[in-house]
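Peer 1: Residue numbers (my numbering): 975 to 1246. Backbone N, C-alpha and C define an ideal beta-carbon position, used for all residues, glycine too. Keep in mind that this is a model prediction, so the values were computed, not measured.
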Amino acid sequence: PENRTRSLSLIRMAINTGWSIGPAVGGFLAAYAGYNWLFWVDGLTCMGAALLFRWRMREAPEASRPAAVSEAAAPAKGSPYRDRPFLLFLAVTALVAIAFFQLFATLPVFYKQEYLLNEDQIGWLMAFNGILIVILEMPMVYLAERRFSKLAVISAGAFFIGLSYVAFNFWPGWLGVLVLGMALLTIGEILDLPFTNAVALERSDRGSRGQYMALYTISFSAAHILAPVLGMQIAAQWGFATLWYLLGGICLLGILGYHWLAPRLEADHQAG
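This is how it looks when you write it as structure tokens:
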């Protein structure tokens, strides 16, 4: 259990190694070879990954499996649908995730419309996010989980996510704010995502883990669906500056929500 957050961070680091390379390669292909080549390369790499997984991740022989722990025979903790503090935690997490997921929808449009970046430049800027995660996530997670509670770290992550958007309104027109904003957003992501995932894992036991993690995934999927719709509609109606302030306000609400939930989640954890 003490290694869960770092284990999740390792998985994220592997994903973000690809993320740091993918946007740069995709932007280069779109700008200089056309979108047809981009789709061919994307499809072929996905097929190659599937074959690699099939080859390397075959079911381990019975002798190499670890012995089952006693927790496996224990009754499930209970339905997550009756875990009110956890449901409220998911609602707050989804709210902050709506702000975070503007990274994949609204931000590239903002870069192109307001700063006239081309696909190649946008690809490199997006790759900067993955590069920072590969370099910084493991040491930051290691230090944070040793010194602070998970909810405190998650709140700090929400703060940096909100600040990354509001910064655009502080220095409009300055190209450097794009790099600064991406750096702040990445720090927020590093502090938020692994620790929210770890909280969901810790609320469950072996018998209920699938249900808890399914709800956690659903909350992020809902945020992923709503984020581009809300972000682009607000930007179209009232402009990007209004959107950035609203996202900052959403993250502030998230921080207040985490602060209110912290003693309730901790009390339930100790009682369990």
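#1: State the Cα-Cα distance for the pair A1197 and L1165, rounded to the nearest angstrom.
#2: Could you tell me how far apart the beta carbons of N1143 and Y1055 are, in whole angstroms, since I believe they sit closer than 8 Å?
#3: What are the start and end residues of the alpha helix (DSSP H) that includes S1195?
#4: DSSP three-state call for S1138: helix, strand or coil?
#5: Exposed or buried, what is R1028 when buried is set at 16 or more other beta-carbons lying within 10 Å of its beta-carbon?
#6: How is L1227 classed by DSSP in three states: helix, strand or coil?
#7: Given 8 Å as the limit, is there contact between the region 1117–1129 and the region 1144–1157, that is, 3 or more CB pairs closer than that?
#8: Closer than 6 Å by C-beta to T991: which residues in its own chain qualify, once you throw out the five before and the five after it? Chain order, please.
#9: Output needed for L1079: all residues of its chain with C-beta closer than 8 Å, excluding positions within five of it in sequence on either side, in chain order.
#10: Express the C-alpha separation of Y1006 and D1016 in angstroms, rounding to a whole number.
#11: Measuring CA to CA, which of I1135, L1025, G1001 is closest to K1086?
#12: Taking the CB atoms as reference points, tell me whether V1127 and F1169 lie closer together than 8 Å.
#13: Have a look at L1026 and R1032 and give me their C-alpha separation to the nearest angstrom.
#14: Can you say whether P1082 is buried or exposed, counting buried as having 16 or more other CB atoms within 10 angstroms of its CB?
Peer 2: Taking the coordinates as given:
#1: 18 Å
#2: N1143 to Y1055, Cβ: 40 Å. No contact.
#3: 1183–1212
#4: helix
#5: exposed
#6: helix
#7: no
#8: Once the five neighbours on either side are set aside, the close Cβ partners of T991 are V1108.
#9: In the sequence on display, residue 1079 carries Ala and not Leu. Excluding sequence neighbours, A1079 sits near A1201, P1202, G1205, M1206.
#10: 16 Å
#11: Closest option to K1086, Cα to Cα, is G1001.
#12: yes
#13: 10 Å
#14: buried
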